[in-house]
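Input: a single structure, listed below in structure tokens.
Protein chains in written order, with UniProt numbering: chain G, 1 to 286; chain P, 1 to 286; chain Y, 1 to 286; chain D, 1 to 286.
Here it is, written out as structure tokens:
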């Protein structure tokens with residue numbers, strides 16, 4: 001990769017982020033790489049300037065993430081429109097999205113500049129919230145959109161349609177609409193299956209459904225899904241990638257479909273998806 | 001039963017409640033039974049007076065409920081202190097707590113006056129919320145206490161101890177502490193087992209736990225359970241029987257143990273617990 | 001459809017099969033349709049002749065099934081090679097595969113001859129059992145291949161690889177490898193998700209795994225899956241569509257991939273996949 | 001404990017059993033403890049004699065087990081009648097039943113002789129198989145009785161009654177009837193909850209039930225459970241503690257109730273049940 005510029009996003013709450021950031025910026029500048037920092041990272045380095053996160057993704061050719069899977073989800077939404085590659089360095093262990101461990105940071109960067117990597121394309125989910133015929137909110141996610149009851153409500157009731165065909169009414173704590181990438185996140189905790197990222201489909205995982213025969217449902221990636229809040233609102237929310245919340249009103253419809261955008265993760269092919277699964281889920285132990 | 005007085009609680013949202021109430025009050029008064037109404041029921045009948053619900057349970061010898069399982073939970077908390085028997089008439093079908101169907105109302109009442117019934121004693125759970133060494137809230141439930149994350153929070157972290165012994169840290173959507181009676185309510189939706197009411201124990205059912213090896217845990221009825229909120233509060237709540245919410249602050253401990261009070265449900269022995277299970281869960285179909 | 005010939009397969013254990021068969025054969029012959037019977041159906045009608053089931057599928061242009069989902073699985077394996085369309089009439093209610101109810105038999109046949117139907121193509125799974133470098137058994141299924149322990153064995157141990165990459169070792173009762181069509185059969189009982197048939201993928205559902213973090217895994221339809229029996233045999237079996245059993249020996253590998261064959265089900269588009277799901281799983285009740 | 005004699009049972013398949021046995025026998029004899037070996041252990045030491053396992057439990061005052069949880073289940077059945085205490089030393093890690101690790105063997109033995117331990121009483125389940133009014137088999141278990149289909153059968157159908165009251169018909173792979181002790185064994189793999197051993201109850205856990213609303217059911221310890229095989233036999237079995245198999249015939253009833261016998265496990269109170277759970281289930285990781 002003839003990388004003209006690397007944008008760096010950090011999550012300062014992790015230990016070692018500041019010292020790692022100082023070192024990697026020096027390392028990159030010594031190689032004449034143009035380093036673009038967001039305001040948080042610039043402040044950490046006590047440098048002036050720093051761009052807004054949204055601008056960072058407009059200018060950089062690659063994003064380097066020092067953080068966790070949450071930071072990656074944020075980066076994916078920023079990078080989505082231009083589709084620039086993302087290299088995730090996990091500051092706390094091994095993540096599903098940030099496969100590079102801190103101790104492999106510099107060898108990994110050298111491989112990036114030597115073009116010795118693969119791009120792992122992940123589908124993203126776009127969502128619009130419709131109210132009285134108008135779109136009141138929208139967004140794109142890499143993991144999931146969650147429609148859930150308010151904390152004090154006893155349940156939420158949702159009507160699910162696919163391609164305009166009625167599927168079911170669901171009563172319970174809520175519904176997760178997940179990409180294959182999101183299958184190892186919240187959907188898994190709610191009892192969903194694991195989808196290899198190459199399976200082109202979406203997952204609808206009910207959260208604590210009252211009807212015990214409701215099960216996770218896997219649908220093709222060309223469907224249009226409508227989820228309508230049919231119960232009173234009482235604090236109901238749509239949450240995008242666990243980071244952005246949209247308050248819902250009775251009658252609102254959350255419309256979901258696969259986006260034309262893709263997240264492009266930089267991967268080193270010697271570690272497979274299954275290696276990560278085994279390690280994270282402790283398969284083989286016990 | 002030489003019933004001196006029957007207190008009546010109604011849930012007006014169900015159809016037929018008003019006409020049923022008019023008829024049953026006439027029926028009872030024609031038999032010289034003292035009828036005590038709460039303010040809601042009195043208003044429905046356009047009668048003056050009517051007692052506060054809490055007073056109703058102080059004066060009546062039996063409670064007659066025209067409503068659903070939610071009305072029964074409310075009645076159980078009211079009746080708990082004096083332990084007066086409760087007869088539940090379900091206005092919407094068949095409930096786990098309200099076994100009498102509307103069409104069996106008068107035969108059932110006649111059996112009550114003929115002493116032709118059994119009292120089904122159900123254990124109740126008492127809970128105190130401790131903050132900085134003080135008790136800031138307390139209550140008694142028939143079904144469950146739920147400690148759950150706020151709608152926008154990504155998760156809640158709880159430390160669970162039993163008899164002062166550390167059990168586990170739990171990260172996820174929350175934790176249900178349920179009586180056997182509550183095992184067919186929210187706990188079941190969250191993946192919990194069904195406990196026959198005669199099993200003297202409590203159930204701890206995790207809600208969407210991040211660690212996939214967490215499972216529902218059944219403990220004896222003599223334990224003291226402490227559940228401490230170790231993550232930030234961000235909207236965390238303790239909810240009693242799905243009806244009363246208590247906002248929790250980081251460091252709060254929800255202390256739970258079996259109450260000395262019992263709920264006494266009037267039952268007619270020809271229908272068993274398993275009959276209700278089969279009908280409600282549609283066992284045998286499919 | 002200019003149908004030259006209809007082959008009929010029946011499952012005599014269902015009630016009304018004999019009278020239905022008599023009537024439909026008369027109905028078809030009165031319309032100058034060539035009716036081909038298998039030996040079982042011929043015997044039911046007390047007619048001479050009748051073909052072996054395998055020959056039936058070689059000669060007929062359409063298969064008409066009077067039976068249940070099990071009869072359909074059998075028909076799918078027979079029809080697979082030539083890919084002839086199958087019309088399933090359920091003699092016992094509503095099936096996932098046999099959507100036509102008995103009372104709709106003649107209107108449905110008329111629609112078939114009027115070309116008023118759609119063909120619903122379902123992927124099939126082919127499997128080979130390798131032992132010491134040789135193929136000792138093979139087959140094609142519409143629903144699933146199950147690798148399971150013998151009744152007396154405490155568990156089975158399986159090594160799973162995909163595209164030659166090690167995925168995991170699995171200890172438990174066994175493993176179901178299912179098509180999307182099979183997702184509503186055994187895999188569902190073992191905790192698997194529901195896959196819309198249009199999702200091009202396979203499901204690996206563990207049966208009672210010892211490691212609690214094992215979950216159903218969905219993989220793309222272009223993979224080669226190898227499942228090797230690494231524990232002692234003690235009665236271990238591979239079972240094809242619940243109908244054909246192959247005894248396995250320690251070291252045997254069950255190799256699985258999507259077949260180039262398809263099952264073609266005759267469908268009438270006014271009833272959707274979700275309608276069948278709702279009815280079979282009783283969604284919306286309770 | 002003024003221990004007059006220690007019986008030793010070993011599972012030779014574990015590594016280090018032979019050297020451990022040699023050392024511990026010398027250690028005990030040096031303290032003038034009467035050591036009783038079973039034939040397997042005697043052979044390992046190349047000593048003459050050795051008792052049948054059943055006789056061992058008749059003569060010894062304490063049982064010392066060098067093996068795994070399977071060896072403990074065997075010992076529990078042997079020791080049951082006389083109720084003698086059992087000390088389990090796990091030769092392969094940490095077990096649910098064998099809490100002593102190999103490196104703590106001698107300190108643990110010293111504590112036994114110093115009476116510095118507690119006896120953890122575990123309830124056992126007795127079972128009789130009735131056929132045409134006769135008892136054709138019987139046994140006692142510490143963990144579970146499993147009624148399961150033959151490997152080639154598609155399913156088994158069972159009628160479950162409790163105290164003579166019909167509970168449900170179950171179709172699926174089978175049914176586990178488990179003690180609280182067995183709740184962390186096979187029942188857990190089949191989706192059952194964890195029961196603290198002090199909860200006096202039994203668990204009925206369905207294995208891959210066809211009806212999706214079947215859930216594990218917890219019943220009091222005073223019940224009589226009848227499980228009748230109503231489908232064809234086709235290889236159906238009742239299995240006691242995963243070790244003893246009884247072939248079942250259509251119409252057979254497996255009758256189960258809590259035995260008056262108890263298994264008495266030697267425990268050192270500084271490690272709690274929850275410590276073992278956390279370690280075995282890896283709670284707190286991930």
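Every residue gets a Cβ at the ideal spot worked out from N, C-alpha and C, and that includes glycine.
Reduced DSSP category for residue i - H, G, I as helix; E, B as strand; rest coil
i: residue 202/P; result: strand
i: residue 171/G; result: strand
i: residue 61/D; result: coil
i: residue 109/G; result: helix
i: residue 53/D; result: helix
i: residue 41/Y; result: helix
i: residue 286/D; result: Residue placement at residue 286/D is flagged as unreliable, the pLDDT there being 46, under the threshold of 50; the coordinate-derived value follows with that caveat. Residue 286/D: coil per DSSP, three-state reduction.
i: residue 182/D; result: helix
i: residue 70/Y; result: helix
i: residue 5/D; result: strand
i: residue 152/Y; result: coil
Chain-ordered neighbours of residue i on chain D, where CB pairs are closer than 8 Å
i: residue 209/Y; result: 189
Chain-ordered chain G contacts of residue i [CB-CB under 8 Å]
i: residue 213/D; result: 212, 213
i: residue 228/Y; result: Those within 8 Å of residue 228/Y in chain G number zero; the least Cβ separation is about 15 Å.
C-beta atoms of residue i and residue j nearer than 8 Å
i: residue 109/G; j: residue 67/G; result: no
i: residue 204/Y; j: residue 175/Y; result: yes
i: residue 193/D; j: residue 218/P; result: yes
i: residue 216/G; j: residue 191/G; result: yes
i: residue 304/Y; j: residue 223/G; result: Nothing about residue 304/Y can be reported from this structure: the residues present for chain Y run from 1 to 286 only.
i: residue 202/D; j: residue 187/D; result: no
i: residue 265/G; j: residue 116/G; result: no
i: residue 44/G; j: residue 28/G; result: no
i: residue 246/D; j: residue 114/D; result: no
Cross-chain neighbours of residue i in chain Y, by beta carbon under 8 Å
i: residue 150/D; result: 151
Residues that residue i contacts on chain Y, provided the C-beta gap is smaller than 7 Å
i: residue 235/D; result: 151
i: residue 31/G; result: Ordered by position in chain Y, no residue passes the 7 Å Cβ test against residue 31/G, which lies about 34 Å from the chain.
i: residue 278/G; result: 168
i: residue 263/G; result: Per Cβ cutoff of 7 Å: no residues; residue 263/G is ~18 Å from chain Y at best.
Proximal chain P residues relative to residue i, where beta-carbon distance stays under 7 Å
i: residue 198/D; result: 220
Neighbour list for residue i in chain D, Cβ cutoff strictly below 9 Å
i: residue 282/P; result: 211, 213
Partner residues on chain G for residue i, Cβ-Cβ distance less than 7 Å
i: residue 242/P; result: 154
i: residue 253/Y; result: None at all; the shortest Cβ gap to chain G is about 18 Å.
Chain-ordered neighbours of residue i on chain P, where CB pairs are closer than 8 Å
i: residue 290/G; result: It is not possible to answer for residue 290/G, since the shown part of chain G is limited to 1 through 286.
Per-residue contacts from residue i into chain G (C-beta, under 9 Å)
i: residue 216/Y; result: 192, 193, 194, 216
Interface partners of residue i on chain P, CB under 9 Å
i: residue 257/D; result: Those do not exist, as residue 257/D stays about 15 Å from chain P at its closest Cβ, beyond 9 Å.
i: residue 231/D; result: Residues of chain P passing the Cβ test: none, with the nearest at roughly 15 Å.
Report task. Flag this pair as touching only if the stretch 122–137 of chain P and the stretch 253–265 of chain P have three or more C-beta atom pairs under 8 Å; answer yes or no. Result -> yes
**Members of the stretch 68–97 of chain G near chain P, C-beta cut-off 9 Å** = 70
- prompt: If contact means a Cβ-Cβ distance below 7 Å, which residues of the stretch 154–185 of chain G contact chain P?
  reply: 154, 172
Output needed in chain order: residues of the stretch 105–136 of chain P with a Cβ under 8 Å from some Cβ in chain D. Correct list: empty, as no residue qualifies.
- Query: Would you call the stretch 138–152 of chain Y and the stretch 236–243 of chain Y touching, i.e. three or more CB-CB distances under 8 Å?
  - Reply: yes
Contact the stretch 268–286 of chain Y vs the stretch 54–74 of chain D: 3+ CB pairs below 8 Å:
no
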